[in-house]
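So the structure is just underneath, and the comments pick up after that.
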Amino acid sequence: MKKTKLTKILALLLIVVMGVSCLTGCGGQGASANKGGSGDAKTIRIKYWLAGFGDKWLDPVIEGFEKKYPEYEVVVDSTSSQSAITSAWGNPEIDDTDLYLCIKKESAGGLLEPLDDILDSKADGETKTIREKFSDSYLQLEESPDGHYYNLTFGGSLVGIYYNKKMFDEVGVEEPRTTDELVVVCDTLYADGKKAFCHFKPVGYWEDYMADVFFTQYDGLDYVLNNFYGCTDENGNSPSLDVFTKEDGRYEALKVFAQVVTPEYTMVGSNTYDHTTVQTMWLQEECTMMICGSWIASEMASVEGGDNITLMKTPVLSSLVNKLTTVKTEKELRTVVSAIDNVTDGKKDESAYKQGDVYVVDGINVSADDWEKIRLARNTMATNASGNSAYIPTYADAKEGAKEFLRYLYSDEGYTIYANALQQTLPLTLDSGELNTSKWTEAAQKQANILNTTEQLVSSYYASKHKIFNIGGARWKAYDITYCDKFCSNNKNDRMTAEEAWKDSLEYAKDNYEVNWLAELK
């Protein structure tokens, strides 16, 4: 555990000696004397989960905040133990934390302070509200069923396919535009003696993040958010078993996984090693690609090889053509994706393709509806930003101070300090214009550009999830039997096909829906 600023440590020790308060292990401090007060105390106590990004951003942000608001003092408890961070959560008698910076609280029992007033306020001297500065797609993830916001991000990143540029160049492949092209890339790497993918035990981030990306590409964010995670079927029934058993983009995701997470394409040891070991092997060129986040630059800074790692836009699900009316083949889909990339990247104006009610791309007449579906699919990325969550207990002594700290973090001044310390962006824009990233690495600049053009952020941390997920424990994948490790198992007896995995998922839902998931809601 780390305490910021020696003087604050001494001050806390003095308090302990005087018997006013006490520290209890790594996870929490004793209840403060002001517990149950007005919420306007001037000492802001923060609990921080010291994860992949470390704390090199936190100290300079605190320094800037205390300089701007000298009436406040910030004290931080930080540890890599998530359980220690939240050990006192929900118990006002022993928890004097004013601001949590850690994994999201999805079910708070009424103990989370609404943060709407932060979103609807402006940082000092700025013209936009903080709500206007945040990405609409991110806010869509955070809006609770009651319309309020109880969590806002302090970190996280895009999650997607990161790859070694040097190894791509060695075999002469480029970033794939579609999942069928991704299979070709894997096969080309394999033919050259290179492993395409690695993941850590048991399946890395394939099932945690990429499944929802392909699901969203296929069925659209509205369906994924409101029908599936809202557990509402197409007839308006909620909760409904039908949302778990309908053959949709979840099945399409499994089919892609079964094509690229194979024994031939996957690094040996992926199903047994931990994430640090696998990431080290990846950076040392024992494989080419990994589902990861931009935390890799901070988390593995001491390992050589990171200079060649960069993020690609997630390829468009090739089976999306099943949902289109004017784009019928894989070749046509690739062509349209390239045109959309030209527009997104600023190489061409949309008017270069739009002719009346259709888009004309290399002789293909693409309907406006198909263009939009492909555009949204191409600009859909996973994020863990909503999981790296800032939240304030309703019982906090320094609620107003904690809100002022978050308001400063989201101000142009605070956010610039944060972003430059990590070379990492949040789903947030500056009031004063574009963030200057000219001194960042090429990979960091690329990640920022992808985030800025992402239209649909997806996450497993939807705030509006039906309680059957948060309370009932519902999952669409049978997590007691993970799939990707079965797709690439070297033992043929353990190996599964996508069809077997989907059937297993359906049986899992049917077996658990009433006896476990619904039972937990009663």
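The working numbering numbers the first residue of the sequence shown as 692 and each following residue consecutively.
Idealized CB from N, CA, C, for every residue including glycine.
Classify residue i as helix, strand or coil using the three-state DSSP reduction.
{"i": "G940", "result": "helix"}
{"i": "Q1115", "result": "coil"}
{"i": "Y853", "result": "strand"}
{"i": "M858", "result": "helix"}
{"i": "G997", "result": "helix"}
{"i": "F744", "result": "coil"}
{"i": "I1162", "result": "coil"}
{"i": "T770", "result": "strand"}
{"i": "D1143", "result": "The sequence given here has Asn at residue 1143, not Asp. N1143: helix per DSSP, three-state reduction."}
{"i": "T968", "result": "helix"}
{"i": "M958", "result": "coil"}
{"i": "E866", "result": "coil"}
{"i": "P1006", "result": "coil"}
{"i": "L790", "result": "strand"}
To the nearest angstrom, report how far apart residue i and residue j are at their CA atoms.
{"i": "K824", "j": "V1149", "result": "19 Å"}
{"i": "N1203", "j": "N1161", "result": "15 Å"}
{"i": "N926", "j": "V934", "result": "11 Å"}
{"i": "E784", "j": "Y1086", "result": "10 Å"}
{"i": "T734", "j": "L802", "result": "20 Å"}
{"i": "I753", "j": "E1133", "result": "28 Å"}
{"i": "T1020", "j": "V1206", "result": "44 Å"}
{"i": "K1137", "j": "T1001", "result": "8 Å"}
{"i": "D1040", "j": "V1007", "result": "21 Å"}
{"i": "D883", "j": "G863", "result": "10 Å"}
{"i": "Y1181", "j": "P954", "result": "The amino acid at residue 1181 is misidentified as Tyr; the sequence shows Asn. For N1181 and P954, the distance between alpha carbons rounds to 6 Å."}
{"i": "N1079", "j": "A1073", "result": "13 Å"}
{"i": "T1071", "j": "S774", "result": "32 Å"}
{"i": "H839", "j": "P805", "result": "6 Å"}
{"i": "N1013", "j": "G996", "result": "40 Å"}
{"i": "D746", "j": "M972", "result": "25 Å"}
{"i": "D750", "j": "G846", "result": "14 Å"}
{"i": "Y841", "j": "W780", "result": "15 Å"}
{"i": "I1031", "j": "A1043", "result": "11 Å"}
{"i": "H966", "j": "C1175", "result": "15 Å"}
On the premise that residue j lies in contact with residue i, defined as a C-beta separation below 8 Å, what is that separation, rounded to the nearest angstrom?
{"i": "S1155", "j": "E834", "result": "6 Å"}
{"i": "L1142", "j": "L849", "result": "6 Å"}
{"i": "T870", "j": "S1009", "result": "5 Å"}
{"i": "K856", "j": "N1056", "result": "Contact flag wrong, Cβ pair sits at about 36 Å."}
{"i": "R1025", "j": "R868", "result": "5 Å"}
Can you tell me whether residue i is buried or exposed, with buried defined as 16 or more other CB within 10 angstroms of its CB?
{"i": "E943", "result": "buried"}
{"i": "G1124", "result": "exposed"}
{"i": "D787", "result": "buried"}
{"i": "D1088", "result": "buried"}
{"i": "Q970", "result": "buried"}
{"i": "S1196", "result": "buried"}
{"i": "D913", "result": "exposed"}
{"i": "K1201", "result": "exposed"}
{"i": "T777", "result": "buried"}
{"i": "N1184", "result": "exposed"}
{"i": "L873", "result": "buried"}
{"i": "N1075", "result": "buried"}
Below 6 Å CB to CB, which residues in the same chain sit around residue i once its five sequence neighbours on both sides are set aside?
{"i": "W1193", "result": "Y942 and L945"}
{"i": "T923", "result": "S929"}
{"i": "K1094", "result": "I809"}
{"i": "V1034", "result": "E1041"}
{"i": "G1092", "result": "I735 and Y763"}
Below 8 Å CB to CB, which residues in the same chain sit around residue i once its five sequence neighbours on both sides are set aside?
{"i": "A887", "result": "V876, C877, L880, Y881, V951, Y956, T957, C978, T979 and M980"}
{"i": "L1209", "result": "P930, I1159 and G1163"}
{"i": "A1135", "result": "S985, A988, Q1114, Q1115 and T1128"}
{"i": "R1098", "result": "I809, S812, A814 and I821"}
The ligand GDP and residue i: does the residue's C-beta get closer than 6 Å to at least one heavy atom of that ligand?
{"i": "M991", "result": "Of the ligands one can find in the structure shown there are none, so the ligand GDP has no counterpart to examine."}
Excluding the 5 residues preceding and the 5 following residue i in the sequence, name in chain order all residues of the same chain whose CB lies nearer than 7 Å to its CB.
{"i": "Y964", "result": "F891 and K892"}
{"i": "I794", "result": "W740, Q773, G1078 and S1080"}
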